[in-house]
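From first to last, the protein sequence lines are chains A and B.
Counting from 1, position 310 in the first sequence corresponds to residue 310 in my numbering; the numbering is continuous, with no gaps.
Each position in the second sequence, counted from 1, maps to that position plus 1000 in my numbering.
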Amino acid sequence: MELSGLGVPILVAVSFALSVTGLYIFIVALSHNLLWSQDEGANVIFPPGEENAPEEPAASGEEARGLRAVTQGRQAQEGELADRIAADRSSATAVFVFLVLGALWLVIGSIAGLIASLTIHMPDWLAAYAPLTFGRMRVVHLNVVVYGWVSMTEMGIALWLLPRMLRTELAASHYAIAGAAFWNSGLLLGVIAILFGWSDGLEYLEIPWQIASLFVIGGALTAIPLFLTLARRRVQHLYVSVWYLGAALVWFPILFLIAKTPVHFGAEQAAMNWWYGHNVLAYWMTPLALAAAYYLVPKVLGRPIYSYNLSLIAFWAQALFYGQAGVHHLIGGPVPTWLVSVGVVASVMMVLPVLAFSVNYFQTLRGHWGTLRFSPTMRFVAIGAVSYVLVSLQGSLEATRWFNTIVHFTHYTVAHAHLGLYGFVSFILFGAIYFAMPRIVDYEWPYPKLIAAHFWLSAVGFGIYFVALTIGGYLQGLAMMDAKRPFMESVALTVPYLEARSLGGALMVLGHLIFVFHFLVMALRLGPRRDAPPMLGLQIWGGRTL
Amino acid sequence: MNRTTDIIVGAILMLALVTMVLVVFPFAQLRPIKPPPGLKPYTEAQLRGRAVYVSEGCMYCHSQQPRDPAQAPDMQRGWGRPSTPADYYYDDPVLLGTMRTGPDLFNIGQRQPSKTWQLIHLYQPRAVVPGSIMPAFQYLFRVTGEKPTDVEPLALPEQYQVPGYVVPTREALDLVEYLVSLDHTYPILQGDAAARDTAR
């Protein structure tokens, strides 16, 4: 107990000082007019030939014309894009491997999620089958979505973005493919282990460490081409997305190694669990998704982001505050008060980087909302970015003691988690895949209507999911807080909302099946050849250039 | 800030700082804590049962961390006094849980010590708790034609009876051993109580 005497006020003071430092940086930046200078850095993703030229490979010919009209953009000129074409060509094979695997995991993960959702309000369904019980399907769902769909797709998009942003070719891409092999073997074995009841028992860390070590090898192998490519960059400035990518690839293996080291015990293990569980978002999935957003939005618009400096401030503030936010999950739990307070303070301070992001994002899009009509990528990324802002502000609210007390142990938190991983991360990844795939396989999306169907099924399905669980969870929390109401009342009242969640979830799964079908049709180069091939074959087929 | 090393070093420093506060400090503070005199180590059967609890994912719907009465009515619901770090001395992995789709189980052994009740509840929760949405864990039981000699078959309400005898497997029996062992009603030391979250 040596830290509990004088140590506590010191620790609280330290965390307060850190928060104030962040605020100070923010204010200094404001007062020095840093936030409104149009830095060179923002233009680094627009090499000669790409300035003011909207790029939207997912658009049909007609949409592309509409996009140029609303952005007053021009067509990129043939011959000017040699660097970008070389960059895309160098990464195509490796990125394709990652994206295919991500898409397949998406199907498995969402079906597992739907089964879990159904069994929770139909508890006698599938009761004879151990692997399909709620307590295993939920774990398969979470791990497949986090380490399969999101991690694979994000690493794929990272590999694809990096050569473009560094104006060089992807180096040693075969290491990344080997990395994918290790990583996916680990996940496959991990899923089998969980189905048969072998779990390490900590949320987000269920895959047994004997198997999970394959993630560390796979992640490290994937990082090799990224750092080799960085060393060969041909730009002076590292674009903000590179910061997010580089940091995330350093962070994840350290996080995972510390979490899986068998030194944790009792209540400390709970603190570690939430340090990890929240930081796999803060230091892995969120930065990689933001990296994609910071690239895609300016590219589709054909103009740089509103304030580049603001994006850099958001980066460091997020790294500091988001990283400490996780312990708010232990409010009212068996861990020291000072620790919980650090989590609460950091969670509330997250408002700063999120405000910085939203000012930046909405100012960039101001006057350009018309692009949503013409750009499938932008539709997905816009919802993703709005969800990021909402989920972060909601997270700050949920970390306050009074609100946490009501909603902590309820389905409200599940809805919140899905606003993060689905509304924010997955929507940005959908947008990124629609953008990148035509460049990777040198083929257009065969059926634009399927993109629209996927979008609406996902958006409407998730809307139902989120609204139902949020309301149901809040009411559940109120019922649990009232000692006069029997506990079973808090269970019974959630059932209609859980059924609505299954309905929303089913629409989302349908959307994913359409998406993956379309993806595979495109990858196999089936379906109609419509307007023109989008990129590499410029000279071969003539046609449109974006 | 244009150099790769700046970003990497900055990123590592940030993570080191965060890990120091969230993992290393709690490690140092909680390491010296000793088990309370009233807390017994798990038996072999209880440990096996605890592993079944983990396999079936019970902790995704049941917490094991009663909150302070000043914060929430957990004690009034009979879930027990606020838990302290010392209560988890023998727990690996720790199973605090994040959901209360079902009730808190930190003192379920004190609240519902009947092994018969626990077995029926596992086989068919709705037989004893109307309106329950807990999965029926039928696969932890087997149905035999002959009456077994070593274990008592379940005496199910008529509505849920099946032809033959429903017999718990070793896993079900172990799990129940673990559940009825969950009793943290012993007195705690003042120092232990101070090591939990007390702000409200």
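We put the CB at the ideal spot given by N, CA and C, even for glycine.
Interface residues of chain B around residue i at Cβ under 8 Å?
i, result
"residue 337/A", "1196, 1197, 1198 and 1199"
"residue 109/A", "Here the premise fails: no neighbours, minimum Cβ distance about 16 Å."
"residue 129/A", "1139"
"residue 394/A", "The premise fails here: residue 394/A is roughly 17 Å from chain B at the closest Cβ pair, so nothing lies under 8 Å."
So with CB distances below 9 Å, who are the chain A contacts of residue i?
i, result
"residue 1187/B", "Per Cβ cutoff of 9 Å: no residues; residue 1187/B is ~16 Å from chain A at best."
So, helix, strand or coil for residue i, using DSSP?
i, result
"residue 1144/B", "strand"
"residue 1166/B", "strand"
"residue 83/A", "helix"
"residue 399/A", "coil"
"residue 1134/B", "coil"
"residue 199/A", "coil"
"residue 1106/B", "coil"
"residue 124/A", "coil"
"residue 1111/B", "helix"
"residue 1087/B", "helix"
"residue 1079/B", "coil"
"residue 89/A", "helix"
"residue 1041/B", "coil"
"residue 350/A", "coil"
What residue from the options has the CA that sits closest to residue i's CA?
i, options, result
"residue 363/A", "314/A, 403/A, 424/A and 306/A", "306/A"
"residue 1179/B", "1063/B, 1012/B, 1155/B and 1029/B", "1063/B"
"residue 1041/B", "1068/B, 1192/B and 1091/B", "1091/B"
"residue 1110/B", "1003/B, 1061/B, 1184/B and 1191/B", "1184/B"
"residue 148/A", "183/A, 465/A, 428/A and 475/A", "183/A"
"residue 528/A", "477/A, 445/A and 266/A", "445/A"
"residue 309/A", "321/A, 136/A, 299/A and 294/A", "294/A"
"residue 1026/B", "337/A, 480/A and 463/A", "337/A"
"residue 1199/B", "465/A, 464/A and 341/A", "341/A"
"residue 143/A", "85/A, 83/A and 204/A", "204/A"
"residue 135/A", "151/A, 121/A, 122/A and 116/A", "116/A"
"residue 1093/B", "268/A, 81/A and 150/A", "268/A"
Counting only the same chain and skipping the five closest in sequence on each side, list residues whose C-beta sits under 6 Å from that of residue i.
i, result
"residue 53/A", "73, 74, 76 and 302"
"residue 434/A", "58, 376 and 377"
"residue 155/A", "98 and 222"
"residue 318/A", "353"
"residue 361/A", "385"
"residue 1089/B", "1035"
Within this structure, are the beta carbons of residue i and residue j separated by less than 8 Å?
i, j, result
"residue 1106/B", "residue 1083/B", "yes"
"residue 251/A", "residue 1007/B", "no"
"residue 502/A", "residue 189/A", "no"
"residue 1127/B", "residue 1156/B", "yes"
"residue 157/A", "residue 436/A", "yes"
"residue 374/A", "residue 70/A", "yes"
"residue 393/A", "residue 351/A", "yes"
"residue 173/A", "residue 90/A", "yes"
"residue 507/A", "residue 451/A", "no"
"residue 461/A", "residue 420/A", "no"
Using C-beta distances below 7 Å, list every residue in its chain close to residue i, excluding the 5 sequence neighbours before and after it, in chain order.
i, result
"residue 1052/B", "1171, 1174 and 1175"
"residue 1186/B", "1036, 1038 and 1039"
"residue 239/A", "41, 44, 45 and 165"
"residue 229/A", "162, 163, 166, 168, 170 and 171"
"residue 432/A", "157, 292 and 296"
"residue 212/A", "186, 190 and 260"
"residue 112/A", "137, 140, 141 and 144"
"residue 35/A", "In this predicted model, residue 35/A has a pLDDT of only 49, less than 50, meaning its place in the structure is not dependable; the value taken from the coordinates is given anyway. For residue 35/A, where only same-chain residues beyond five positions count, the Cβ hits under 7 Å are 29, 307, 309 and 310."
Which residues in chain B have a C-beta closer than 7 Å to the C-beta of residue i? List them in chain order.
i, result
"residue 203/A", "1098"
"residue 268/A", "1026, 1027 and 1030"
"residue 210/A", "Under the 7 Å cutoff, chain B gives no residues; its nearest Cβ is about 15 Å from residue 210/A."
"residue 120/A", "1133"
"residue 480/A", "1100"
"residue 272/A", "1023"
Which residues in the same chain as residue i place their Cβ atom closer than 8 Å to its Cβ, once the five residues preceding and following it in sequence are excluded?
i, result
"residue 220/A", "179 and 253"
"residue 245/A", "158, 161, 162, 226, 287, 288 and 291"
"residue 1015/B", "none"
Which residues in chain A sit within 7 Å of residue i, going by Cβ to Cβ distance?
i, result
"residue 983/B", "What is shown of chain B runs 1001 to 1200, which leaves residue 983/B out entirely."
"residue 1012/B", "250"
"residue 1008/B", "246 and 250"
Which chain B residues are close to residue i, counting only those with a beta carbon under 9 Å from its beta carbon?
i, result
"residue 518/A", "Ordered by position in chain B, no residue passes the 9 Å Cβ test against residue 518/A, which lies about 33 Å from the chain."
"residue 283/A", "1011, 1014, 1015 and 1018"
"residue 114/A", "Residues of chain B passing the Cβ test: none, with the nearest at roughly 16 Å."
Could you list which residues in chain A have their beta carbon closer than 8 Å to that of residue i, in chain order?
i, result
"residue 1114/B", "Chain A residues near residue 1114/B: none, gap ~19 Å exceeds 8 Å."
"residue 1181/B", "Here the premise fails: no neighbours, minimum Cβ distance about 17 Å."
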